[in-house]
Amino acid sequence: MPLRGMVDMCHAIKRLSCGIRVNPTMYELDEDPRGKDTDKALMRLFGSSHAVPVVFIGGKLVGARVMASHINDILFPLLKEVEAIWL
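Taken in order, the sequence shown gives residues 16 to 102; the numbers are from this note's numbering.
Listed below in structure tokens is the structure:
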């Protein structure tokens, strides 16, 4: 995914989180002093040169599949299970 695509996906995930009133803990690797090391570790973990955005919900890896999970009605049950939202 080109850099611009990653930025767009990160922005979309942030907007979705705010839109459904989830208050996520987000780490901006480009603003974190340890961001490059974290990015390298994620790339080793996932075997990809583009490891972000990476999303965990309740400690479970969702990866960048947040939007697909939302579209397929999987996201809300995950968030509800970890009490990130109340429906």
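For each residue, glycine too, the CB sits at the ideal point set by N, CA and C.
- At a Cβ-Cβ threshold of 9 Å, Gly78 and Phe91 do not count as neighbours.
- DSSP lists Leu76 as the bridge partner or partners of Phe71.
- Here Ser63 is exposed. Its C-beta has fewer than 16 other C-beta atoms within 10 Å.
- A Cβ-Cβ distance of about 15 Å is found for the pair Ile28 and Ile100, leaving them out of contact under the 8 Å criterion.
- Within its own chain, the residues whose Cβ lies closer than 7 Å to the Cβ of Met24, once the five positions on either side in sequence are excluded, are Pro68 and Ala79, listed in chain order.
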